[in-house]
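S.K.:
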Amino acid sequence: YRFNLRNQAALAEMARCGCSWAVLSLEISRKELEEMSRGPFPAVPLVTVFSWPPLFTSRLMPALQEHKPFFTAKREACYLRKTSGHSRVYADHPVCWFEMLPDLRQMGYRHFVIDVSDSPLDRPLDMERLLTEFKLAKPNKPCSTFNYGRRDLTEKTGVKR
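The working numbering puts the sequence shown at residues 17 to 177.
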């Protein structure tokens, strides 16, 4: 389980509870990272730059084959993994922000997480390759930048909340 830390107030609360370091939300956007970087960091923020988290977890056990792609209505490929008592659905590629490292460093972020704790694969991820790509700020292709470039509703529509 993870906290969903996406702003200075959440980071300050973690610091108040005694945390010196805190992993920011996997759902954080570039805009939120930029806004957070303007103030002093109450706890050292850790930005996840590589992960392959499940899109969702369910107690349902659908009649789909594991490790064989199935497709959403938008033709997006997904993979199913079944574990004890639940199933997980994964995107067909990981989230990777290696290409954004120069931008993140320019904002003041210095500590990063390469999370290899989960994936739809039966084999471990190639750590040597991931670390080389991290060092070179070269993305692991194919990959997703997920919410990094996400625009909020105000930006999309011009309507303020």
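A virtual CB, placed ideally from N, CA and C, is assigned to each residue, including glycine.
Here the structure is a predicted model, which is why all the values come from computation and not from measurement.
1. Tell whether a beta-carbon distance below 8 Å holds between Cys-159 and His-83.
2. Contact defined as beta carbons within less than 8 Å: I believe Val-65 pairs with Phe-114. What is the distance between those atoms, to the nearest angstrom?
3. Using the C-alpha atoms, what's the distance from Pro-118 back to Tyr-125?
4. Determine whether the beta carbon atoms of Ala-93 and Phe-87 lie at a separation below 8 Å.
5. Going by the DSSP bridge assignment, what does His-102 pair with across the sheet?
6. Can you check whether the CB of Val-39 is closer than 8 Å to the CB of Trp-68?
7. Can you give the Cα-Cα distance for Ala-31 and Gln-81, rounded to whole angstroms?
8. Taking the straight line between their C-alpha atoms, what separation do you get for Ser-53 and Leu-62?
9. In terms of DSSP beta bridges, what is Ala-38 paired with?
10. Let me check understanding here. Comparing Cα to Cα, which of Glu-149, Phe-128, Thr-148 lies closest to Ser-41?
11. Within the same chain, show all residues whose beta-carbon is closer than 8 Å to that of Pro-135, passing over the 5 residues directly before and after it, in chain order.
12. When we look at the beta-carbon of Phe-72 and count the other beta-carbons within 10 Å, is it buried (16 or more) or exposed?
13. Checking 8 Å against the spacing of the C-beta atoms, do Ile-44 and Asn-156 come in under that value?
14. Ala-28 by DSSP, collapsed to three states: which one?
M.R.: According to the structure shown:
1. Cβ atoms of Cys-159 and His-83: not closer than 8 Å.
2. Going by Cβ atoms, the distance from Val-65 to Phe-114 rounds to 6 Å, so yes, they are a contact pair.
3. Whole-angstrom Cα-Cα distance: 10 Å.
4. Against a cut-off of 8 Å, the Cβ pair of Phe-87 and Ala-93 comes out as a contact.
5. In DSSP, His-102 forms a bridge with Thr-99.
6. Contact flag unset, no.
7. Cα to Cα, Ala-31 sits roughly 44 Å from Gln-81.
8. In a straight line, the C-alpha of Ser-53 is about 12 Å away from that of Leu-62.
9. Partner residues in the beta bridge of Ala-38, as assigned by DSSP, are Pro-61.
10. When only C-alpha atoms are compared, the closest one is Phe-128.
11. The sequence given here has Ser at residue 135, not Pro. Setting aside the 5 residues that flank it on each side, Ser-135 is surrounded in the same chain by Trp-68, Tyr-106, Pro-110, Leu-141, each with a C-beta closer than 8 Å to its C-beta; the list follows chain order.
12. Label assigned to Phe-72: exposed.
13. Result no, Cβ atoms of Ile-44 and Asn-156 do not sit closer than 8 Å.
14. Secondary structure of Ala-28 (DSSP, three-state): helix.
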